[in-house]
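Just below is one structure, and these are the notes that go with it.
Chains as they are written, first to last, in this note's numbering: chain A, 801 to 1462; chain B, 99 to 422; chain C, 1113 to 1259; chain D, 45 to 393.
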């Protein structure tokens, strides 16, 4: 039997003016288990807390109920006070007789009656409380960043600068990501490579950062503070230590027909290659699928020409197992496939291109060495059409329902750059809305229209038809003038929607991080915890969480780093003790609970049980209290009642219900 | 049936299976019981006829713990239950050798007796071989006949189909015996006024004697310890001391199996008081189908179960009132 | 209002509120002095997904006349997905209660954010009024509790 | 001997109900069970067996024992009043009558169960002979004559007339109360005898009537208890309580508390030896497997009870469990199995 103390706060007149606090004390004393009750002016004051402490000590209280303001206000205060007096902090319950009672009721009798019932419910609950102790777990002071684009690089740099080790795992042969493919960036028109390359170099040179390129995360186990990750280092076929990056192998490689991923397939590369000149590491990989040596066994030119003897055809994939305290996902995006948008003739005409392809065409290192030309015949275009929202803001199932966010701005950038460099080219942009929230964004767009004479038409393009003469007939509607437009263009650029990198689904499953219907990783809270996954210890950086531009990505990368640093700075983690627990004897092992757990906190083990003398091995649920956040979804999903939530147990809630309905 | 027995004998003899879970012939013409057979001579009592309504899936929970494989005879509708148990890790597929047995509708002795047929000595027409149109019943009060359809279990009138969902081999033909709308009665009740609904269920549930037959026969109610037997929830009640308790028991039971109930109809088959317990389950199934998309538990074991899954655009609970 | 008309009957109403949104919304209603009848008593739960249908039936058993559950708006759940599960569970439960003839107005779910003190108070006023109009719960009560 | 025409029966019910509770087989939701008759109800007297036995009238499925009330920290205890209302159970069959005899041996033996005793004292039983016994009946095996039920009043329904014969003082008193509705039945003895003969002839044809109880006695306790047959027999058992709850002789009960919010109601309710928490105590269960619980039921009915009650079995052959067991298990199958085994054993020797 508990020995319960009840403390009724006047809160000055906030409570006492409407609730007869003496009556509450008197009635509380009649409840089972209550051995002490008193009221006081301000329970949260030093003096009030001292009264609580004194009563705990003198009356040997095992639980207390404070009738006061909302627990959201002072629950922590009273828990700490109880703890100082030697009582387990989870033996404290609050009856909210201010926000839920005195402040909303005017009639004293009625308010007092309600306060008595609320106190009674809290007493009934605390009668069933048990002392709880937060668990502890160690923190491995190293972070893993998945993805080596600008988001991953920035996150890694920030974490490393704080003094923690960081590993970056990048799937492709080089870090740099999408940003390395861009020519210029809005709204300042900086050269993308010029601002990205120093960051790449800095990351590579940082003593706290280890970069695994051409590598993938294979397996993740463990939980916040203590993840174990298997990383597959794919065989590069080139010895990283010996290679000097001279590039001779690439020049001499006889297999040159592979579409270049970096240039979006607009030109080709050799089978041994580095994706781009500034690649980090500047060590090529052999694409075994297209390598003559690997396919036929006859060739070996690269090994012959390599002065350093770095070519190693026998290299095998290697699995590295590392421990991490925090994991940041920065897997980025790709543009969507345009299979559902035949009307734009993307697959029929070489002169219909995506914006990302235009970036490569405009880039001096790109397939046309930076000359704006039609890919079909190499002629300079005179008339260019940009189509916005291709696959974005789509109300049917063909594309994405969301706004890709970056297209308005990069199209303004493209239009401006073309008009600047080739003033004789006419540029027309078909848009639904022009969205330019962001610092200097609208000014940028207006410059495109006002200074550079870009022709913006609000309207949708219905069809792009290649003509016999090689030009493209664009049929559109002008929504403002309410007329149909037919115009001929030399090139059409599609502002193609972006979507999360398709690999993210696999990674999310490994991390038990939740993902939304568009494959974006879900944040723990849309507003208040935007860079954390609901799964503890997993953080989100960049477009994997939602569409964003470079400045936003960098901001979020920094924010994710701060959250990771906050975690790594701790020596150990105290876990919320109000977690779910499964009764091994009642558990059916049916997996229902695991299906509703948003944190992947429930696993199944075959355990030896002794069920009243019957010894057998059973499949039972095990809750990892470091991962469990205490929502209670599993407790209701569990049909046998094996799963219960500490601090909000079935019996506790039922006791409250009974006390209220009595 | 001979083909079935021959095959079982073979599998038992060559050691493929350690035992057989089927039906043993009863001492009355209509009461075969679920039974294990472990050797050739025991098989002489093996029977499979129209009265073998019992769903043997649930016995496989226990059988999964035994050494060696258990051959189990499952009718098409029983295989849904087996699948569901498999999904919930309650049975071990490796421990089961499933013979999908043919089914042309199972018989309900209560329905025969309700027609005033009593003192039954023998029944012919319940054998499985050919689909009989009628039953001939010898009684101490003379010979009676009864149309096969009129003696069929309620669940067979809303048959889920003749396809077995899981099996190692099939023996015997099945037919789809559907001749009624599965949700007709649910719809009829839905159309009643609250007073009528309440009166209907009060009348039915007042018969409940809390024998727990419905729960214990139910393949979805496979908890090691039911919440109503456990002290953990403060819900341990044995008797219908107040009319509330039956409601609590049957609503919660239906809720616990919602999305998992395959509508095998065993609950209604075994209720000694003839309470149409399947109505609770069907109501949930109908709601799930209408609100969250067609779902048949036990059909696809990889599918998301309705109550452990959601969509962002799910109906709000207020739809209950809005539907009228 | 019907409250004055019916002096005798004071309903018992249990409100389950999730800690993160609705309980805070109720706090805000309090600090904004937005009144609602004292018949409503709030039980704090971590999330709407913690509310077991058994709790709701238990409340009726013990004499409650109405039960309302409040949680974060769909999409805003502190635990991401809790209220989505709760929504399905409660929809089915309420539908079943309706099916067996328990007046549908006695149960309700409302999504109330921490900023919606006004909505909290309005919802409670509306719900209490509804319960007054329905009168005493007799269809789901254990009569032994009256003694 | 008296008689009354069938169509006049409602008048009879009404008369009895004037100052007594009248329990009759009533059909509710398609199932006949004994329940208190109210004006307008139609009796289901032609139903041979009600689903539940009429034992509820004397030993209800659940009944309050006492109530504790809490007022602040003060507790008060109110015992439950004993039954004082006179009542009549109309239409009980011979097997169920024997069932009451069995209950008497349990509840009226020292220490007397006062709740049960009060009901027995205030209850009058009007029994009805079984017009057409069925294949699940085996009362004769226990020496019961379903053609001639001995209660306070014995009745026979022959054609459209009910023949009424008071046998005890209570029966005479009831007869006096309704005598103006009854008519003297002259020469009825012959009619009734013919009916009895007819019933007995039917009984002879029933499949279970020649069941042998050989070997079911106290001496066989250990042999029966240790028999390997139980392990085989119990297998289909679902551990539900159907057999025990429809049984006219099962008498086990559990005592439980119900929290009313203002105190506690202590009540008893039927328990079933088939339930996993049967006889559960603080240390756990003394029967841990379903086989043990299953064995308990039959050992109790056929061995322990007769051993303690001069050979009186606590089964009356009503056959309800035969009809209602969801797994088609029953006491007949158990008895037969043991007999077969014995016969087989005999042959071998």
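Every residue gets a Cβ at the ideal spot worked out from N, C-alpha and C, and that includes glycine.
Residue i: first and last residue of the uninterrupted beta strand (DSSP E) it sits in
i: residue 185 of chain D; result: Taken as a continuous stretch (DSSP letters only), residue 185 of chain D belongs to no beta strand (DSSP E), as it is neither H nor E.
i: residue 1011 of chain A; result: 1009-1012
i: residue 348 of chain B; result: Not the beta strand (DSSP E): residue 348 of chain B falls in the alpha helix (DSSP H), residues 341-355.
i: residue 1277 of chain A; result: 1272-1278
i: residue 276 of chain B; result: Premise fails: residue 276 of chain B is in no beta strand (DSSP E) and is neither H nor E.
i: residue 1223 of chain C; result: 1219-1223
Beta-bridge partners of residue i, as assigned by DSSP
i: residue 113 of chain D; result: D:120, D:307
i: residue 1397 of chain A; result: According to DSSP, residue 1397 of chain A bridges with nothing at all.
i: residue 167 of chain D; result: D:131
i: residue 1329 of chain A; result: A:1325
i: residue 119 of chain B; result: B:134, B:170
Own chain residues within Cβ distance below 7 Å of residue i, not counting five before or after
i: residue 1114 of chain C; result: For residue 1114 of chain C, the pLDDT reaches just 40, beneath the cut-off of 50, and the residue's location in the model is therefore unreliable, leaving the point undetermined.
i: residue 1353 of chain A; result: 950, 951, 1342, 1343
i: residue 1279 of chain A; result: 1258, 1259
i: residue 1093 of chain A; result: 1099, 1100, 1113
i: residue 1235 of chain C; result: 1222, 1224
i: residue 1209 of chain C; result: 1219
Status (buried if at least 16 other CB within 10 Å, exposed otherwise) for residue i
i: residue 47 of chain D; result: buried
i: residue 1378 of chain A; result: buried
i: residue 1160 of chain C; result: buried
i: residue 361 of chain B; result: buried
i: residue 1458 of chain A; result: buried
i: residue 239 of chain D; result: buried
i: residue 327 of chain D; result: exposed
i: residue 121 of chain D; result: exposed
Under the three-state DSSP convention, the category residue i falls into
i: residue 1115 of chain C; result: Per-residue confidence for residue 1115 of chain C stands at a pLDDT of 44, beneath the threshold of 50, marking its modelled position as unreliable; no derived number is given.
i: residue 1226 of chain A; result: strand
i: residue 1027 of chain A; result: strand
i: residue 394 of chain D; result: With chain D represented from 45 up to 393, any question about residue 394 of chain D goes unanswered, as that position is not in the structure.
i: residue 912 of chain A; result: helix
i: residue 1120 of chain A; result: strand
i: residue 393 of chain D; result: Residue placement at residue 393 of chain D is flagged as unreliable, the pLDDT there being 46, under the threshold of 50; a coordinate-derived value is accordingly withheld.
i: residue 360 of chain B; result: coil
i: residue 157 of chain B; result: helix
i: residue 1133 of chain A; result: strand
i: residue 100 of chain B; result: helix
Nonlocal neighbours in the same chain, by C-beta distance under 6 Å from residue i, ignoring five residues either side
i: residue 1111 of chain C; result: Limits of chain C in this structure are 1113 at one end and 1259 at the other, which puts residue 1111 of chain C out of reach.
i: residue 1359 of chain A; result: 1331
i: residue 1117 of chain C; result: Interpretation of residue 1117 of chain C is limited by its pLDDT of 46, a score under 50 that renders its predicted location unreliable; the figure taken from the coordinates is listed afterwards. Correct list: empty, nothing qualifies.
i: residue 273 of chain B; result: 202, 260
i: residue 136 of chain D; result: 98, 169, 171
8 Å Cβ shell around residue i - same chain, five flanking residues per side excluded
i: residue 183 of chain B; result: 155, 156, 158, 159, 189, 317, 320
i: residue 1277 of chain A; result: 1259, 1260, 1262, 1283, 1284, 1285
Start and end residues, alpha helix (DSSP H) containing residue i
i: residue 246 of chain B; result: Element bounds for residue 246 of chain B: n/a, residue is neither H nor E.
i: residue 237 of chain B; result: Careful: residue 237 of chain B lies outside any alpha helix (DSSP H), inside the beta strand (DSSP E) at 232-237.
i: residue 57 of chain D; result: 53-61
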